[in-house]
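Undergrad: Attaching a single structure in structure tokens format; questions to follow.
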Amino acid sequence: MSGMDVGRLLAMARKELREFRRTPFILGAMVVLPVIFIVEPLIDIFRLGSSTPASVVQKVVGVTFLLMLIVPAVLPSTIAAYSVIGERDQGTLEPLLTTPVRRSELLLGKALAAMIPSVLASYVIFAVVLLCAHLFASNQTVVATLSNGPEILAEVLFAPLLSGWSIAVGTGISARASDVRIAQQLGTLASLPPLAVTALVSFQVLSPSVPVAVGFGLGLLVIDIAMWRVVAAMFDRERLITGARALTAGGGAGGGLPPGTARRIEMVHGGGHE
Amino acid sequence: MDRPAPGVGGGGAEPPARDGPALRVSGLTKRFGDRAAFEDVSFEVARGEVFGFLGPNGAGKTTTVRTLGTLLAPTSGSAEVAGIPLSAQNGEAIRRRISVMPENPGLYLRLTVRENLELFAALYGLRAPTVRIESALDAVGLADRSEDRCGRLSKGLRQRVGLARALLNDPEVMFLDEPTSGLDPVAAREVHELINGWRQRGVTVFLTTHRLEEAERLCDRVAILNTRLRSVGRPKDLRSRLFGGSLVVETAAPLPDPGAVFGRVTAVKEWSEGDHGDYLLSVSDPRQAAPDVARAVVAAGADLVSLSESQHSLEDVYLQLIDDGSAPQ
Numbered sequence: 001m002s003g004m005d006v007g008r009l010l011a012m013a014r015k016e017l018r019e020f021r022r023t024p025f026i027l028g029a030m031v032v033l034p035v036i037f038i039v040e041p042l043i044d045i046f047r048l049g050s051s052t053p054a055s056v057v058q059k060v061v062g063v064t065f066l067l068m069l070i071v072p073a074v075l076p077s078t079i080a081a082y083s084v085i086g087e088r089d090q091g092t093l094e095p096l097l098t099t100p101v102r103r104s105e106l107l108l109g110k111a112l113a114a115m116i117p118s119v120l121a122s123y124v125i126f127a128v129v130l131l132c133a134h135l136f137a138s139n140q141t142v143v144a145t146l147s148n149g150p151e152i153l154a155e156v157l158f159a160p161l162l163s164g165w166s167i168a169v170g171t172g173i174s175a176r177a178s179d180v181r182i183a184q185q186l187g188t189l190a191s192l193p194p195l196a197v198t199a200l201v202s203f204q205v206l207s208p209s210v211p212v213a214v215g216f217g218l219g220l221l222v223i224d225i226a227m228w229r230v231v232a233a234m235f236d237r238e239r240l241i242t243g244a245r246a247l248t249a250g251g252g253a254g255g256g257l258p259p260g261t262a263r264r265i266e267m268v269h270g271g272g273h274e
Numbered sequence: 001m002d003r004p005a006p007g008v009g010g011g012g013a014e015p016p017a018r019d020g021p022a023l024r025v026s027g028l029t030k031r032f033g034d035r036a037a038f039e040d041v042s043f044e045v046a047r048g049e050v051f052g053f054l055g056p057n058g059a060g061k062t063t064t065v066r067t068l069g070t071l072l073a074p075t076s077g078s079a080e081v082a083g084i085p086l087s088a089q090n091g092e093a094i095r096r097r098i099s100v101m102p103e104n105p106g107l108y109l110r111l112t113v114r115e116n117l118e119l120f121a122a123l124y125g126l127r128a129p130t131v132r133i134e135s136a137l138d139a140v141g142l143a144d145r146s147e148d149r150c151g152r153l154s155k156g157l158r159q160r161v162g163l164a165r166a167l168l169n170d171p172e173v174m175f176l177d178e179p180t181s182g183l184d185p186v187a188a189r190e191v192h193e194l195i196n197g198w199r200q201r202g203v204t205v206f207l208t209t210h211r212l213e214e215a216e217r218l219c220d221r222v223a224i225l226n227t228r229l230r231s232v233g234r235p236k237d238l239r240s241r242l243f244g245g246s247l248v249v250e251t252a253a254p255l256p257d258p259g260a261v262f263g264r265v266t267a268v269k270e271w272s273e274g275d276h277g278d279y280l281l282s283v284s285d286p287r288q289a290a291p292d293v294a295r296a297v298v299a300a301g302a303d304l305v306s307l308s309e310s311q312h313s314l315e316d317v318y319l320q321l322i323d324d325g326s327a328p329q
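Taken in sequence, the protein lines are chains A and B. Quick note, the first sequence lines up with residues 1 to 274 if you use our numbering. Quick note, the second sequence lines up with residues 1 to 329 if you use our numbering.
Structure (structure tokens):
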């Protein structure tokens, strides 16, 4: 990451956000998903009477937290899965790669753009649900549990970290996939496993506490960083342009290969090279 | 100019050679598996030159542009782009000094013209992006369409946006891959005028094209590629190298014995009858041979209707070279 140009990174992120704003599918998802994930848990919370058993309350709280973490887990993976292959499909990748933009700037710019709306949506959902529960819920146990420090900490920490995982996986798939739809389906699938961890916390299989939240948060952070390293290594200009990765003598211009690498061409799949 | 100091951010880039050619390519080869996209290609392009790169589909033109544009790594050989050796380490430094416009200009169709240019101005790290954007828009005549979304522009206008983008970083070498592909004659002519304007400003343009009349009109020199380089030179030189000089003689009536008439003229090497009752003479120097030919025809009692120098088109040269796989460079 040394020598990364923040201006270029932000330019990429700004471009992505402008495109999202004008893409009906993404805009629709950004609006509809939060509405669903606000309304659904609120209905459950408002149904709870003052004498509802604690076990039922805990289940509702667990589902509420889980729903709120689905948005940052699933939404960015769909966006990220489109990020590279979408550029290739519309012919914008080649002009982009002929500028001085670095791999890290390009990928992180795209990641930032996918993460900001998803995490913001998650926080807004959480805030609205919490506020409505405080104002209108008749069951005070659910209000107290939702306002529990470790639960809030888990929400605040897990949303960006889950989003980071989803974006990394989605981008990695996007860099290798040959079809946008397949990339998005795989991206959504791959974004789900970390939710299992949060489900354990949400449903108190693991008792939520500050150390548990921070511990899982750190675990996710390590996984995210490792995943991003893998994704960055997968981003090869030559492969992205032609579908083939070239290993050349003397170090080529595009692949960033060390000088002296044996002369060999590895075909991944045929490309229409002229 | 917003171009950064040589080598900045280039990850150990060598300083560019300002006095040398804009492009120097030596024995460059790119293979995909067993198939050569192009092989053992060597040429130089001088600074300020408009250099045409011609060849049939699959000849390796686009792959050559991608290789010189640092998108693909060459399999072997060497090259200097804008005075910088083509290598993995120098990729970023080269990309700062060049611009590449692919056949499909690759615009973000949901963004406006200005937003597209703003992105690329930021990626090039231009210090005065607004000024550069306005200047590029003026250069391609799109100042009044800057707030239009690219998706709503015609193909010709999109091509111009691509050209504006290619101008943003004030490149030392501009690679234009089939810039008039799919354009109507009016739009194509507008692109030609732009390229001509850049030539007058001293911009080096590397132009790949199928359109031979385009190459003939725009290019100082052309290279003809069919996986291997067939020939490089000025269109006029290629013509005379391949076909020599020739004269077309038209008479009012067929000559009774054309062999005897033309055989008397020492400058005539060969002759043949043309398709329209005229005669095609192969000569070493048409201007020198023409008076002798005229005298010989008149002396034979024929009525000379016209005597002109035959012009082989670049298309003739191209077809000859593409057909003849063994043609020397």
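Ideal Cβ placement from N, Cα and C applies to all residues, glycine included.
(1) Quick one: is A/Ile225 buried, meaning 16 or more other Cβ sit within 10 Å of its Cβ, or exposed?
(2) Using a Cβ cut-off of 8 angstroms (strictly closer), state whether A/Gly28 contacts chain B.
(3) For A/Thr141, which residues in the same chain have their Cβ closer than 6 angstroms to its Cβ, ignoring the five residues on either side in sequence?
(4) Using 8 angstroms for Cβ pairs, my map puts B/Arg110 next to A/Thr78. What's the rounded Cβ distance?
(5) Give a yes or no on whether the minimum CB-CB distance between B/Arg152 and chain A is below 8 angstroms.
(6) So, A/Met30 versus A/Ala121, is the Cβ gap smaller than 8 angstroms?
(7) Hey, is A/Thr78 close to the ligand FAD, as in C-beta under 7 angstroms from one of its heavy atoms?
(8) Assuming the contact rule is C-beta atoms closer than 8 angstroms, B/Arg165 and B/Asn116 should be a hit. Round their C-beta distance to whole Å, please.
(9) Determine, for A/Ile241, whether the minimum Cβ-Cβ distance to residues of chain B falls below 8 angstroms.
(10) Give the interface partners of B/Tyr124 over in chain A, defined as CB-CB distance under 7 angstroms, in chain order.
(11) Quick one: grab the DSSP three-state call for A/Ala13.
(12) How big is the Cα-Cα spacing for B/Pro21 and B/Phe43?
(13) Out of A/His134, A/Glu155, A/Lys15 and A/Val84, which has the shortest C-alpha to C-alpha gap to A/Met234?
(14) Got a sec, what are the start and stop residues for the beta strand (DSSP E) B/Met174 sits in?
(15) What residues in its chain sit with their C-beta under 7 angstroms from that of B/Gly55, if we drop five residues either side in the sequence?
(16) Can you tell which of A/Ser178, A/Ile241, A/Trp228 and A/Phe20 has its C-alpha closest to the C-alpha of A/Glu105?
(17) With respect to the alpha helix (DSSP H) encompassing A/Tyr82, which residues constitute its N-terminal and C-terminal limits?
(18) Taking the straight line between their C-alpha atoms, what separation do you get for B/Glu309 and B/Ser99?
(19) Taking C-alpha atoms, which residue in B/Gly277, B/Leu157, B/Val131 and B/Gln320 lies nearest to B/Gly182?
(20) Measure the C-alpha to C-alpha separation of B/Leu212 and B/Leu314 and round it to an integer number of angstroms.
(21) Measure the alpha-carbon distance for B/Leu163 versus A/Arg181 and round it to whole angstroms.
(22) Do the CB positions of A/Thr146 and A/Thr64 come within less than 8 angstroms of each other?
(23) Between the stretch 104 to 137 of chain B and chain A, which residues of the former have a C-beta closer than 8 angstroms to a C-beta of the latter?
(24) Going by beta carbon distance, what residues of the same chain come within less than 6 angstroms of A/Gln184, once the five residues before and after it are set aside?
(25) Using three-state DSSP, classify A/Glu40 as helix, strand or coil.
(26) Only counting the same chain, and skipping five residues up and downstream in sequence, which positions put a Cβ closer than 7 angstroms to that of A/Phe46?
(27) Can the beta-carbon of B/Val205 be found closer than 8 angstroms to that of B/Val81?
(28) Let me make sure I understand the geometry here. Which of A/Gly187, A/Trp165, A/Ile152 and A/Ser118 has the alpha-carbon closest to that of A/Val212?
(29) Measure the C-alpha to C-alpha separation of A/Ala168 and A/Pro194 and round it to an integer number of angstroms.
(30) Assuming B/Arg234 contacts B/Arg221 (C-beta within less than 8 angstroms), just tell me the rounded distance between them.
(31) If distances are taken between C-alpha atoms only, which option among B/Asp177, B/Arg114 and B/Phe175 comes closest to B/Leu153?
(32) Exposed or buried, which one is B/Gln200 when buried takes at least 16 other CB atoms within 10 Å?
(33) Rounded to whole angstroms, what's the CA-CA distance from B/Leu142 to A/Met4? Just pull it up for me.
(34) Give a yes or no on whether the C-beta atoms belonging to A/Val231 and A/Thr188 are separated by under 8 angstroms.
(35) When DSSP builds the beta bridges, which residues end up paired with B/Trp271?
(36) In chain order, what residues of the same chain lie with their CB nearer than 6 angstroms to the CB of A/Arg8, ignoring the 5 residues before and after it?
TA: Inspection of the coordinates gives the following:
(1) exposed
(2) no
(3) Non-local beta-carbon contacts of A/Thr141 in its own chain, meaning distances under 6 angstroms to residues more than five positions away in sequence, involve Val57 in chain order.
(4) Contact flag wrong, Cβ pair sits at about 17 angstroms.
(5) no
(6) yes
(7) Ligands displayed in this structure: none; no statement on the ligand FAD is therefore possible.
(8) 7 angstroms
(9) yes
(10) Thr99 and Pro100
(11) Looking at A/Ala13 - three-state DSSP - the assignment turns out to be helix.
(12) 10 angstroms
(13) A/Val84
(14) Looking at the DSSP string, the run of the beta strand (DSSP E) that includes B/Met174 is Val173 to Asp177.
(15) Excluding residues up to 5 positions away in sequence, Lys61, Ile224, Leu225 and Asn226 lie with their Cβ nearer than 7 angstroms to the Cβ of B/Gly55 in the same chain.
(16) A/Trp228
(17) Ala54 to Asp89
(18) 41 angstroms
(19) B/Leu157
(20) 6 angstroms
(21) 32 angstroms
(22) With the sequence shown as reference, residue 146 of chain A is identified as Leu, and Thr is not the correct amino acid for it. In this structure, A/Thr64 lies closer than 8 angstroms to A/Leu146 by Cβ.
(23) Asn104, Pro105, Gly106, Leu107, Tyr108, Leu109, Arg110, Leu111, Glu115, Glu118, Leu119, Phe120, Ala122, Leu123, Tyr124 and Gly125
(24) Thr78 and Ala81
(25) helix
(26) Phe136 and Ala137
(27) no
(28) A/Ile152
(29) 13 angstroms
(30) A Cβ-Cβ distance of about 5 angstroms is found for the pair B/Arg234 and B/Arg221, placing them in contact under the 8 angstroms criterion.
(31) B/Arg114
(32) exposed
(33) 33 angstroms
(34) no
(35) B/Leu281
(36) Val101 and Glu105
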